[in-house]
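Novice:
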Amino acid sequence: MPRKIIIDTDPGQDDAVAILLALASPDAVEVLGITAVAGNVPLHLTQKNARIVCELAGHVHVPVFAGCDAPIRRKLVTAEHVHGKTGLDGPVMADPTMPLQDMHGVDFIVETLRREPAGTVTLCPLGPLTNIAVAFQKAPDIVGRVQEIVLMGGAYFEVGNITPAAEFNIYVDPEAADIVFKSGAPIVVMPLDVTHKALTSKARVDVFRAMGTEVGRMVAAWTDFFERFDVAKYGSAGAPLHDPCVIAYLIAPDLFTGRLVNLEIETQSELTLGMTVADWWGVTSRPKNAMFMGGINADGFFALLTERIARL
Ligand code: BDR
Ligand code: CA
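My numbering puts the first residue of the sequence shown at 19, with every later residue one more than the last.
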């Protein structure tokens, strides 16, 4: 039985590849809907980008909702320096024709969790956690109905990418992250510690280009654009494809290894705002609230991604 999921996202080239991976894998996941959030770029672009990606995959029936346009109590920080002005810079893309749903993304999350049997819907946040936290605040009854939250965010040994201490998704809305990590819902975290171990390379991207499909060409063009930032920053040969790790985990969890730990979010310090403090070594007695992943079979991950993207 495929797992029912809601993808909460701020596309973003790597978000786009994650959405494609999910849409290409109906045997493993059923995408009930996609909720956009402000993050890499403002909301009017992330909701549009989510629709562009669905249309590219030929899945125009997937309902796409616009959620929150700003973090709970901070000014939005965006990442055009990584993703470009549109959030999906790289290839030239036409505007989508499939509609945006009227309902607010937060209401879709609440209604879906209330409608579906308890414990059967997994939330897949790929951006700041604003929509999820606002849904939990608005409807605390849904928290216990969540099967699992599998999210991309945070870092521990790898520390920060947007500041020396914090990863982007958590940094943008640390109060939201704090609400989610304190909620009691089961959480699996794909931090930079994992995503930085699965880098693109010329050979890995050439495989997408060589597929001879529109989707393959787009994935290669997005990756080429997205790579330049990390290649320059880290001096690495390629870049991490962060968000697809979330969907890959749902399809093939054995590709990943991790530990159940306590994870707390820094919400006060200016210096370390948004830091994900993971008790990896178990030096406190704080409750274990997150399965924090640390290892990935990178070849297996790219093999899975390639095989699935080729289906579209
Ligand atoms: C995360 O931030 C965004 O820029 C990416 O889409 C990913 O979700 C990585 O820190
Ligand atoms: Ca993202």
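Ideal Cβ placement from N, Cα and C applies to all residues, glycine included.
Model, not experiment: these values are computed from the prediction.
(1) Go through its chain and collect everything with a Cβ distance to residue 164's Cβ below 7 Å, but skip five positions before and after it.
(2) Once you ignore the five residues that flank residue 48 on each side, which residues in its own chain have a CB closer than 8 Å to its CB?
(3) Let's test the definition: count the other Cβ atoms within 10 Å of the Cβ of residue 66 and tell me whether it reaches 16, buried, or not, exposed.
(4) Express the C-alpha separation of residue 188 and residue 225 in angstroms, rounding to a whole number.
(5) Tell me, to the nearest whole angstrom, how far the beta carbon of residue 28 is from that of residue 64; I am working on the premise that it is less than 8 Å.
(6) Since residue 262 contacts residue 323 with CB under 8 Å, what's their CB separation in whole angstroms?
(7) Here's the rule I'm using: 16 or more other beta-carbon atoms within 10 Å means buried, otherwise exposed. How should residue 221 be labelled?
(8) Looking at the structure shown, is residue 72 part of a helix, part of a strand, or coil, going by DSSP?
(9) Would you kindly work out how many angstroms separate the C-alpha atoms of residue 303 and residue 40, rounded to a whole number?
(10) Looking only at C-alpha atoms, which of 305, 155, 36, 103 sits nearest to residue 193?
(11) Who are residue 258's beta bridge partners in DSSP?
(12) So residue 145 and residue 57 are supposed to be a Cβ contact under 8 Å. How far apart are they, rounded?
(13) For residue 167, collect the residues of the same chain with a Cβ closer than 6 Å to its Cβ; drop the 5 residues on either side in sequence, then sort them by chain order.
(14) On the CB-based measure, 16 or more other CB atoms within 10 Å of its CB, does residue 175 come out buried or exposed?
(15) Quick one: give me the first and last residue of the alpha helix (DSSP H) that residue 125 is part of.
(16) In chain order, what residues of the same chain have a beta carbon less than 6 Å from the beta carbon of residue 95, not counting five sequence neighbours either side?
(17) Under a three-way DSSP split, which group does residue 293 fall into?
(18) Is it true that the stretch 114 to 129 meets the stretch 65 to 80, where meeting means three or more beta-carbon pairs spaced less than 8 Å apart?
(19) So if DSSP puts residue 141 in a beta bridge, which residue, or which two residues, is it bridged to?
(20) Tell me which residues share the same chain as residue 86 and place their Cβ nearer than 8 Å to its Cβ, disregarding the 5 neighbours each side in the sequence.
(21) Rounded to whole angstroms, how far is the Cβ of residue 308 from the Cβ of residue 199, which I believe are closer than 8 Å?
Specialist: Looking at the coordinates:
(1) 131, 139, 141, 203
(2) 20, 21, 22, 23
(3) buried
(4) 32 Å
(5) 5 Å
(6) 6 Å
(7) exposed
(8) helix
(9) 37 Å
(10) 155
(11) 217
(12) 4 Å
(13) 141, 203, 205
(14) exposed
(15) 123 to 133
(16) 190
(17) coil
(18) yes
(19) 24, 167
(20) 55, 56, 61, 123, 124, 148, 149, 152
(21) 6 Å
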